[in-house]
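Engineer: Each number in the working numbering corresponds to the 1-based position in the sequence shown with 452 added. No residue lacks a Cβ here, since even glycine has one placed at the ideal position from N, Cα and C. Bear in mind that the values here come from a model prediction, so they are computed numbers and not experimental data. I'd like to ask some things about the structure below.
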Amino acid sequence: MSYDLTNPELELSDPCPDIHILFIDFNDRFFEGVLAKCEVKWSPRMFSCAGVCSYEGRGGLCSIRLSLPLLKLRPRKDLIETLLHEMIHAFLFVTQRNRDRDGHGPEFQYHMHRINQMANTKITIYHSFHDEVAVYKQHIWRCNGPCRDRRPFFGYVKRTCNRAPGPNDLWWKDHKASCNGTFIKIKEPEGFGQRKRKKTDENTSPEKKAIASNSLDRYFANLGRGQVIGTQNRITAAASSSNSAGSSKGSAVDSKVKEKTGGHVKFLRRAHNPLGMINDRPSCKRGKLDCVDKS
Numbered sequence: 453m454s455y456d457l458t459n460p461e462l463e464l465s466d467p468c469p470d471i472h473i474l475f476i477d478f479n480d481r482f483f484e485g486v487l488a489k490c491e492v493k494w495s496p497r498m499f500s501c502a503g504v505c506s507y508e509g510r511g512g513l514c515s516i517r518l519s520l521p522l523l524k525l526r527p528r529k530d531l532i533e534t535l536l537h538e539m540i541h542a543f544l545f546v547t548q549r550n551r552d553r554d555g556h557g558p559e560f561q562y563h564m565h566r567i568n569q570m571a572n573t574k575i576t577i578y579h580s581f582h583d584e585v586a587v588y589k590q591h592i593w594r595c596n597g598p599c600r601d602r603r604p605f606f607g608y609v610k611r612t613c614n615r616a617p618g619p620n621d622l623w624w625k626d627h628k629a630s631c632n633g634t635f636i637k638i639k640e641p642e643g644f645g646q647r648k649r650k651k652t653d654e655n656t657s658p659e660k661k662a663i664a665s666n667s668l669d670r671y672f673a674n675l676g677r678g679q680v681i682g683t684q685n686r687i688t689a690a691a692s693s694s695n696s697a698g699s700s701k702g703s704a705v706d707s708k709v710k711e712k713t714g715g716h717v718k719f720l721r722r723a724h725n726p727l728g729m730i731n732d733r734p735s736c737k738r739g740k741l742d743c744v745d746k747s
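Right, dumping it as structure tokens:
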């Protein structure tokens, strides 16, 4: 049974299809439904390749990522063929545990031709879009050494991100040995330096500092050390007033005891409560004061 997935009418009726719906449809049509453990998603940070299939674990799990920057403005046909290309890699991994992503051998080409005949597509071994990739490589360096006169790059290094050539590049040691020149940045995206300075100014603006000072952290500054309520003067005054009140109360009770015992009391036994607090009232037995006369 044949399908025409590249019908020009679909470019107008469905120019931006849902990749998840396409994946489910293609899995049932061309891959016997064995890619149930595989996921497909857009990648906004892929600038050098239109698609990639990553293998995760031994249970047949794999992930297909499609480049949003490279495919968002391409025809629908390119999206279909890129997705099918990566699904072939996923199918070979699930069925044969073939992890060689760059290997487009007989097995890959067999399924490629099979689907091309069934779906009227033109799946190829490589699907890099050179023009789109070149558009995103706007950070450019050039060496000032002898390699600027050598083919094929003439000392140019072009990248999509602002990462200068250095020791992390695999070719860096060979370049140091054969040229030993210095790479100087000669081009960057328009307004790139202004955006960077603006971001730095925002990080040091007084408004941002004011917002940081009003954060919730300031309400938990004394966490683990207790919360002091009132001032030290108030606490000292409260303690002194409590002591004076207790002493006046004790003197009043002692004067009453002396009146009832004729002034011969030398020692007064005071009752203690279970919490260890001294009770100012003298203990009584059968309504009489329990006193000890040591005279």
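Pick helix, strand or coil for Asp-745, following the three-state DSSP scheme.
Structural biologist: Its pLDDT being 47, under 50, Asp-745 is placed unreliably by the model, and the measurement read from it follows with that caveat. In the structure shown, Asp-745 sits in coil (DSSP, three-state: anything other than H, G, I, E or B).
Engineer: Can you tell which of Pro-598, Pro-604, Thr-576 and Arg-611 has the C-alpha that lies nearest to the C-alpha of Gly-503?
Structural biologist: Thr-576
Engineer: Who pairs with His-591 in a beta bridge, going by DSSP?
Structural biologist: Arg-611
Engineer: Beta-carbon within less than 6 Å of Ile-471's beta-carbon, same chain only, minus the 5 sequence neighbours each way: which residues are those?
Structural biologist: Cβ neighbours of Ile-471 within its own chain (closer than 6 Å, five residues either side excluded): Val-492.
Engineer: Below 7 Å CB to CB, which residues in the same chain sit around Met-729 once its five sequence neighbours on both sides are set aside?
Structural biologist: With a pLDDT of 49 at Met-729, under the threshold of 50, the modelled position of that residue is not reliable, and the figure given next carries that caveat. None.
Engineer: Per the contact definition of three or more C-beta pairs closer than 8 Å, is the segment 457-468 in contact with the segment 512-521?
Structural biologist: no
Engineer: Within the continuous beta strand (DSSP E) that includes Ser-515, where are the two ends?
Structural biologist: Residues 513-519.
Engineer: What is the DSSP secondary structure of Ser-500, reduced to helix, strand or coil?
Structural biologist: Reduced to three states, the DSSP call for Ser-500 is coil.
Engineer: Are the C-beta of Glu-508 and some C-beta of chain C separated by less than 8 Å?
Structural biologist: Any reference to chain C falls outside this structure, which holds one protein chain only.
Engineer: Residues in its own chain within less than 6 Å of Pro-598 by CB, not counting five upstream and five downstream?
Structural biologist: Cys-631
Engineer: Give the DSSP bridge partners of Phe-635, in chain order.
Structural biologist: Per DSSP, the beta bridge partners of Phe-635 are Cys-595.
Engineer: To the nearest angstrom, how far is the alpha carbon of His-537 from that of Val-486?
Structural biologist: 16 Å
Engineer: What residue range does the beta strand (DSSP E) around Glu-491 cover?
Structural biologist: 490-495
Engineer: In the DSSP output, what is Cys-505 paired with across the bridge?
Structural biologist: Ile-516
Engineer: So, is Asn-614 buried or exposed, given that buried needs 16 or more other C-beta atoms within 10 angstroms?
Structural biologist: exposed
Engineer: Determine the DSSP secondary structure at Lys-737, reduced to helix, strand or coil.
Structural biologist: Low local confidence applies: a pLDDT of 46 at Lys-737 is under 50, so the model's placement there is unreliable, with the coordinate-based value given in what follows. Residue state, collapsed to three classes: strand.
Engineer: Span of the alpha helix (DSSP H) holding Leu-536?
Structural biologist: 528-548
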